[in-house]
Every structure is written in C-alpha cells, then in structure tokens.
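One structure is given here, and the rest of the page talks about it.
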Amino acid sequence: MERALNVFQKLATIALLLCASAGFAEVVTIESFENDGDPANWQVNVTAGHTLNATVTGPVPEFVTTDVTEGILAGKFLATWNQTTSPTAENVYDVDGPSVYWAVRYNVNAPASLPNNSIATADGLLQADITNLSSAPVWVALAVDSVVSSQLERGPLHLIDAGSSATYVWDFATTPPVGFDTGDGVFSGDVQRLKSLLVYTPVQPTDSTLALTVDNIRNGNSPPIPTVDPPKILSLTQGVSPGEAVLTWAAESDPNVAAYSIFVATDVNFGTPEINRLTFPQNPVTTVPAAQRSVVLSGLPTDRSVYVKVGDSSSFKDEGEDVFNPVFTAFLNADGAPPQDRIVIDHNLLAYDDLNFVKYGYAHAAVYTAQALAGLDRTFDSVSAEAVDTGVASLTPAPDGIVIWSNLKDGEIAGTSLSSPSRLAISNFLANDGKLIISGSALAQDLGASPGVLEALFQASLQTGNIGVSVIKPIAPLTTAPLSTGLNPATNAVAYFSSDNDGILPAGGSASLATYNNIPAVNSVAAVGKENSFVFLGFAFETVGNSSGPSASALARENLMNDMVNYLNGIGETDAKDWQLFN
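For the sequence shown, the working numbering assigns the number 587 to the last residue and increments by one with no breaks.
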C-alpha cells in the first residue's frame, strides 16, 4: 500500500510516471514546525530598538494544531504588549513601514539547524502562512541573513487584519530587500538564510495580547494566484483498459482559453516530503486544445491512488499554470474493471480569488477520503456533484460498492449544500438499495433549514448547530456495529478546521451511531445511520485525525472508514473507542 512506501520510493515512482520532462514545483519547506526542537530554536530579540513595549510569554513558539497548511502542526507566537501611554522609544527599523512603538523580533537562533535553510534569491518566492489571532491589525515581515556575512535584510511588510489569515509573499525578482539592522538593502553573497520574523503594530494595540500562528515557511516558485476560476473537473473514471482513466471537465465561457493542461501526482503528498496543500506538480503530463473536454490518461499505476488537476491558459499569471482547482482521485483495478466505490466531490463554496490557505486546504480535502479507502484496499473513482446533477455521472458503483459523498465546507454558507438534483439522485440511489456515506461541515444545519429535507433524505433531525465539540464516541451497546477508530482521547485531529459540527437525532428508521462525549448534557448525537443503507455524519469526515503525525491521522480516518463500511455491509460489532475531531 502507498502508506508503506517511503518518500524516496514515491518520488522515484512519480518521476517514472511523468518522465524527465515533467518536473515538480521547486518548493522547499524551510520551517514546518513539525520538529520537537523548533521552539528552542526561535528566540525573542530583546536588543534595544528591536523588541519594544512587548514581553514574550510561554515557549516560542508553541506547537498548535490550528491554522495548519503543511504537516499536522503550526507554530504559535505569543507576546504581551505593554500598553503604556508614553512609549519609551521608537522602533528604528521600520524603514518604508509605519512609525510604530510596539514591535517584536523573533530570531532563528541557529539558522543552519533548520532543514533546507538555504535560499537562492533567484528562486522566486519566500512565503509563510500566517493567521493574526489578535484583536488589532499587525504588520509582519520575514528577514534573511547571508551565509557568508552578518548582513540582515528585511522583506516587504504585510498588513494582516485582526482575525484574518494571509500568505506572506516576498518575491525576490520584483521586491528588493530593505536594509535591516546590519543590512544595506542589498543581498550579500549568493545564498541567504531565514533569520527573523518581525511583527509591528501600525497603531497602539487595542488590547495587551499578541498571538500569531505561522506555518509552512517555504522558498520556491509556488503556484500563482489564479486570475480566473479554473476549469471544473467533472469526473475521473476507469478507462477501457487497465491503467487508463478518463478525465472530463466542464466547458468554459472564457474566450481566451487556448489549451488545457493536465497535472498528475501519484502519492498523497503530491511529491513533497510531507502533506502540503499548497503544492502540486506544476509540469503537465499532457496539454490538449481548448475545444477538448476530456482526455484518456494511460500508464497510470493500479496499486495506489492517483491525483489529478486541470489548468487552463486563461488563468496564467507570471507564466505559471493555475493548478488550484480541487483534486480528483482514483484507485484503479489492475484488470481494468470498474472501481468498487465512488467519491462524490461537492464543492460549490470553493473560491479562487487569492492565496488564502484555508480555501486551498479545502480544495485538498478529497485526498483524505481517497487515502482511507486505499488503506482498505478498496478501489474507487471520483465525480463531482455537478456531474451527478447533469447526468454526466451516476451514483451506481460496482455491486456492493459504496458512494462517499463529501460535502466539505459547503454547509457553512446557507443554501450551498446538496442541490435539488443532487437530493433527487441520492433519494433514488437509496431507494434502489444503494449504500452511502455522507458528511460535511454544517451539512445538517443547511439541510435542516428547509422543512422535512433532512428527515426525508437521511431520517435525521437537527437539534443543535455549531456544537463546537472535539471528542466523539460510539453509542454502546448497539445491535448493529458502532463506529469507532481506536484513537487516544488525549489527541486531536488536523485536516481543514471547522467549528460547525452538528448535534442530530434519528428521525424515522435510522439509529444513533455516535455521541459527543464531552458534552453529556446535550441530548443529541454525532452520527445516525441505517444498516445496509447510509451513514450520516454530523461532522466532516476530513476533520478526523491524530496530532501525533500524518501517519496517525491517516490511520484514524482509515479506521473510521473501515467501521462505516462494515456497518453498511452488516459486519459484526467492533470495539467501542473514542475518536477526535479538530475544531
């Protein structure tokens, strides 16, 4: 299985598949906050003029499981502003920025100890994913020093509003450095290193707390910001021969489209050492004319998942392909027979207007379902809800196969979950003995807003929305198999984050399958189902995981998927154990 392959085997396989002409995005992670030694490596600089009117609190940084874009952890930087009415000094390092009196400088104490901390200034971008948890806006910047000198140069200042997430970008080709501390505004030597994270306030802070989460500090030519919506993939299904898959996408109205480029990855990390939702192979395996709406991909492996995206020429920026549309995936039978299961990707909410990592993490979410099914040796393909709605794809997999409908975050905006044609297709599928697993963030809330819809489709009723809990446990005993994953209750999950879990109740012939065990006063459950028919989760499947690491998270989702599959197939009871959600 792909989980057992090490990174080098994966990369070698991908290289063989895509051939020498199809390289990968040259994106190198400098600081991923996955190493237990990282907090000691970051230290506040208290030299006069650097850190002003601020006191650092706690470890620097803390490890957290929120705002994660790479791996399973991020770094949380904490400080307390001293809100004096008469600041004692002015920061002298605010060149080309605001005049500020509150500032914090965090240094990488030993830059060489960070992996890959060698930044060639010709290699495009220095980036970091940052969330401002404070109640006031802050300016942030990264600074680098030279391997061969002590010259310290600062990148551009980025303003991040209170409660907002942003991707910090320093484009070396277009934005020269600013002289900082010992620097003169010119790169010294051929290679730079990440050295400092700088935080300034444009105004006096409105409260005494500074809190930032930072993740995935990286260097390289990352995918560009799309200028238009990329093409919508409709399906990735088995072709007529083994190792073949047919990819289809929707027509576009943009007259500037000249061609479509197809991108393929053959491991869950998209060719990078760790899961990273912001990278994908950037060289296409093939390019087809604009009039074409499908392509047959051949020579694909049948012993692992493949992941596919489509870009078009109208979405070029800086001569780079846009590859931000959601990943579609398949795990093909070696004999060319139709796969066992079908994943439906329902992603109406997804937007493409900036580099917001939360949105692009959302685009990545189908990978977790694929990873869980592949771990169970279940073959599958994937189609979009739009393809189901328009009749391009059906909900009929192989005999005894299961449809896994992934509604992702659509329920968080009223009216975006399950179109009327999708509801009809699901209703007919279940009426004809189909087997379905469905989940999504706030899915029950959205369906429950229309009288009778949730009850009619899934024999459930909404009791409490936005329940915001983190621990789930199966109800025991049940005459049918409860859901379980065998996770340690002290750990929690990382996928995309959501606080929109739903408290639901069975309504009709369904059974309660799982409860929220850390809120015993709430008389609602976390999942309902009907054996040999459906499982309806009050939380998003993608939020299940384990903070011990990517492998533990993958196993958590695989275990839950296994229990749901067993329940739908009428297989006997499993051990009742807790699992965790990340909110």
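Glycine included, every Cβ here is placed at the ideal spot set by N, Cα and C.
Bear in mind the structure is a predicted one, so any value in this text is a computation, not a measurement.
Where the beta strand (DSSP E) containing residue i begins and where it ends
i      : result
Ala464 : 464–468
Ala136 : The residue you asked about is not Ala; residue 136 is Asn in the sequence shown. Note, Asn136: beta strand (DSSP E), 129–136.
Ser386 : 384–388
Gly507 : 507–510
Ser443 : 440–443
Ile408 : 407–410
Thr519 : 515–520
Ala378 : No beta strand (DSSP E) contains Ala378, which is instead part of the alpha helix (DSSP H) from 370–379.
Ala429 : First-last for Ala429: 424–435, but that is the alpha helix (DSSP H), not the beta strand (DSSP E).
Thr33  : 31–35
Gly79  : 78–85
Gly395 : Gly395 -> no beta strand (DSSP E), and no H or E assigned at all.
Tyr110 : 107–112
Leu541 : 538–541
Glu66  : 66–68
Ala58  : 58–60
Ala531 : 529–534
Burial state of residue i (16 or more Cβ within 10 Å)
i      : result
Gln296 : exposed
Val392 : buried
Asp165 : exposed
Ile34  : buried
Glu338 : Here the sequence assigns Ala to residue 338, which means Glu is not the residue at that position. Burial call: exposed.
Thr51  : exposed
Ser153 : exposed
Thr547 : buried
Glu323 : The predicted model places Glu323 with a pLDDT of 33, which falls under 50 and marks its position as unreliable, so this point remains unresolved.
Asn432 : exposed
Gln196 : buried
Val207 : exposed
Phe28  : Caution applies to Phe28, whose pLDDT of 35 falls short of 50 and renders its modelled position unreliable; the value that the coordinates give is listed next. It counts as buried.
Gln87  : exposed
Asn113 : exposed
Thr135 : buried
Val244 : exposed
Thr179 : exposed
Pro209 : buried
Pro605 : This structure leaves residue 605 out entirely; the chain is present only between 5 and 587.
Pro343 : buried
Ala397 : buried
Selected residue, minimal CA-CA separation from residue i, among the options
i      : options                        : result
Phe545 : Lys534, Ser169, Val151, Asn563 : Asn563
Val299 : Ala334, Asn329, Asn273, Val250 : Val250
Pro305 : Pro554, Ser265, Pro246         : Pro246
Lys439 : Gly405, Ser421, Gly415, Ala464 : Gly405
Leu238 : Asp271, Glu256, Phe176         : Glu256
Pro235 : Asp149, Asn329, Asp188         : Asn329
Asp133 : Ser139, Thr217, Asn121         : Thr217
Leu146 : Ser139, Tyr110, Thr88, Ala376  : Tyr110
Val151 : Pro180, Leu458, Phe176, Phe191 : Phe191
Leu559 : Leu428, Ala374, Ala429, Gly574 : Ala374
Pro63  : Lys313, Lys80, Pro342          : Lys80
Lys313 : Asn49, Val371, Ala378, Arg427  : Val371
Ser514 : Leu458, Ile471, Ser555         : Leu458
Asn49  : Leu422, Leu202, Ser36          : Leu202
Asn570 : Ser426, Leu377, Pro401         : Leu377
Tyr520 : Ala511, Gly512, Ala530         : Ala530
Ile266 : Gly452, Phe274, Ala341, Thr291 : Thr291
Span of the alpha helix (DSSP H), counted from its first residue to its last, around residue i
i      : result
Tyr571 : 554–572
Ala448 : 447–452
Short Cβ contact (7 Å threshold) for residue i with residue j
i      : j      : result
Leu77  : Phe67  : yes
Leu434 : His351 : no
Ala107 : Leu56  : yes
Leu509 : Gln467 : yes
Val261 : Ala215 : no
Asp289 : Val310 : The residue you asked about is not Asp; residue 289 is Val in the sequence shown. Not a contact, by the Cβ cut-off of 7 Å.
Gln174 : Gly193 : In the sequence on display, residue 174 carries Trp and not Gln. Contact: no.
Val104 : Tyr204 : yes
Gly444 : Gly419 : no
Trp85  : Ser212 : yes
Leu198 : Val148 : yes
Phe540 : Phe462 : yes
Asp506 : Ala448 : yes
Ser386 : Ile347 : yes
Leu130 : Asn223 : yes
Thr73  : Asp219 : yes
In chain order, which alpha helix (DSSP H) runs of at least 4 residues are fully inside the region 291–351?
none
Enumerated in chain order, which unbroken segments of the beta strand (DSSP E) with a length of 3 residues or greater are wholly contained in the region 200–270?
213–224, 237–242, 249–253, 263–269
Runs of 3 residues minimum, wholly inside the region 141–193: which ones carry the beta strand (DSSP E) assignment?
142–150, 156–158, 162–164, 169–175
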